[in-house]
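Report on the following structure.
There are 2 protein chains.
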Amino acid sequence: MDAPAAKALRTRRPVDSSALAGTVGYRLRLAQLTVFQDFIETFEELDIRPADYAVLLLIGDNPGCKQGEIAAALGIKRANFVALMNRIEERGLAERRARSSDRRSHALHLTDKGAQFVERMKELQTGHEARLVAALGGEADRDRFLSYLERIIEGKWTGRT
Amino acid sequence: MDAPAAKALRTRRPVDSSALAGTVGYRLRLAQLTVFQDFIETFEELDIRPADYAVLLLIGDNPGCKQGEIAAALGIKRANFVALMNRIEERGLAERRARSSDRRSHALHLTDKGAQFVERMKELQTGHEARLVAALGGEADRDRFLSYLERIIEGKWTGRT
DNA sequence: TCGAATTGTTTGCTAGTATAACAATTATTG
DNA sequence: CAATAATTGTTATACTAGCAAACAATTCGA
Chain A
111 MDAPAAKALR TRRPVDSSAL AGTVGYRLRL AQLTVFQDFI ETFEELDIRP ADYAVLLLIG
171 DNPGCKQGEI AAALGIKRAN FVALMNRIEE RGLAERRARS SDRRSHALHL TDKGAQFVER
231 MKELQTGHEA RLVAALGGEA DRDRFLSYLE RIIEGKWTGR T
Chain B
111 MDAPAAKALR TRRPVDSSAL AGTVGYRLRL AQLTVFQDFI ETFEELDIRP ADYAVLLLIG
171 DNPGCKQGEI AAALGIKRAN FVALMNRIEE RGLAERRARS SDRRSHALHL TDKGAQFVER
231 MKELQTGHEA RLVAALGGEA DRDRFLSYLE RIIEGKWTGR T
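Going line by line, the protein sequences match chains A and B. Numbered per my numbering, the first sequence finishes at 271, counting up by one with no gaps. Numbered per my numbering, the second sequence finishes at 271, counting up by one with no gaps.
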């Protein structure tokens, strides 16, 4: 008899998921997963995930910021930000400095090593984004696509909120 | 002095997240979260989440399917599908039937109650989708948007995969 | 000065996802 | 046929992510 794979190809009627596939939300989720996957692979050499990337980028653009400010800008709860920031600090990429004005909060800064790291991050991000834009059809299509995303994010269409 | 809120408005320079916001992946994630949020609110009355919705819909369209087939079609691991299916079965919406041909696998079927449930699901989904399509600008824009998503999902643009 | 608010932190809970191992069953193959 | 391999559902386990509640230290507001 044939190999199992051949048999599978012949006898297995594929599951009909057309009712799901016709849905905007479902395809949006698939697209998001695809992009995240490529993002993760792109940044594998730096051993960071999307959240780390975002935090480092924002600290770089907002030196001296408080933890809560970065967290809020990214939709991360203060409580969950602690472990994230601990990892980043242990890797020597950023640090919490004391502030004279307010001893409750910490001022976040990139280290020199962190600044170099962010430069490398941006190089990798440029490649990732370029591939994605090319897949969309070019700059004009990217803008159109972003416009659609913006209409969804704006959120005035949602039921209760 | 002013109220705290007023002070915040005056003195807090907002965090600059423009480097992140200009990114396709970031906005894609925000849009996906927005849609999921509306989905969850829409289906609150039925007490189901996106995964339950997808499983019930697929069982309805593929009666007699095996657990592993539904799971694979949704990108869910067989191991994680068990608890999901247990909940659905305990609610009396679907059932695992024995098969004479292969006593290893179960044939999944909606119960009568489950079939009614799926009808209500589809009603709610229609409303959710209609709101979303309206936000995008109408049917033509939805098709254009889906086309963009498809280009991303196709995935031929990704680095390693 | 005293109560309220802010800030970072810890702890505990839930959901989602991944792997490994297992028993029962079925398929393959020498 | 008998031994071996593959399939299927299941359990157990772990790890990530996220949320809420509570807390100490500190600062603010009245």
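For glycine and all other residues, C-beta sits at the position ideal for the given N, C-alpha and C. Note that the structure is a prediction, hence the values are computed from the model and not measured.
Asked: I want to verify the contact list: residues of chain B whose CB lies under 9 Å from the CB of Asp-212/A, in sequence order.; Found: Chain B residues near Asp-212/A: none, gap ~12 Å exceeds 9 Å.
Asked: If I measure Cβ to Cβ from Glu-249/B and keep anything under 8 Å in the same chain, skipping five residues before and after, which residues do I get?; Found: Val-243
Asked: Assign Arg-201/A to one of three DSSP states: helix, strand, or coil.; Found: coil
Asked: With 8 Å set as the bound, which would you pick, yes or no: does the beta-carbon of Phe-255/B sit closer than that to a beta-carbon of chain A?; Found: yes
Asked: Within 8 Å of any Cβ in chain A, is that where the Cβ of Ile-198/B sits?; Found: no
Asked: Which value, in whole angstroms, describes the spacing of the CA atoms of Met-195/B and His-219/B?; Found: 11 Å
Asked: Keeping to the same chain, check which residues put their C-beta closer than 8 Å to that of Val-145/B; ignore five residues upstream and five downstream.; Found: Leu-242
Asked: Would a check of beta-carbon distances place Thr-144/B closer than 8 Å to chain A?; Found: yes
Asked: Going by DSSP, which residues form a beta bridge with Arg-252/B?; Found: Answer by DSSP bridge pairing: none, since Arg-252/B is not bridged.
Asked: Chain A beta carbons: is any one of them nearer than 8 Å to that of Asp-157/B?; Found: no
Asked: From Asp-148/B to Ile-263/B, what distance separates their C-alpha atoms?; Found: 22 Å
Asked: Who pairs with His-216/B in a beta bridge, going by DSSP?; Found: Ala-208/B
Asked: Show which residues of chain A have a CB atom less than 7 Å away from the CB atom of Thr-133/B.; Found: Glu-239
Asked: Under the assumption that Leu-203/A contacts Leu-166/A (Cβ atoms under 8 Å), give the Cβ distance between them as a whole number of angstroms.; Found: 6 Å
Asked: For Arg-137/B, go through chain A and note every residue whose CB falls closer than 8 Å to its CB, in chain order.; Found: Leu-256, Leu-259, Glu-260 and Ile-263
Asked: Alpha carbon to alpha carbon, how far is Ala-131/B from Ala-115/A? Give it in angstroms, no decimals.; Found: Because Ala-115/A carries a pLDDT of 39, less than 50, the predicted location of this residue cannot be relied on, and no value is offered for it.
Asked: For the segment 123–204 of chain A, list the alpha helix (DSSP H) runs that are entirely contained and at least 4 residues long, ordered along the chain.; Found: 128–131, 134–152, 160–171, 177–184 and 188–200
Asked: Asp-171/B versus chain A: which residues are under 7 Å apart at the beta carbon?; Found: Asp-126 and Ala-129
Asked: Lys-232/A by DSSP, collapsed to three states: which one?; Found: helix
Asked: Please list, in chain order, the chain A residues whose beta carbon lies closer than 7 Å to that of Arg-230/B.; Found: Per Cβ cutoff of 7 Å: no residues; Arg-230/B is ~15 Å from chain A at best.
Asked: Express the C-alpha separation of Ile-158/B and Asp-162/A in angstroms, rounding to a whole number.; Found: 32 Å
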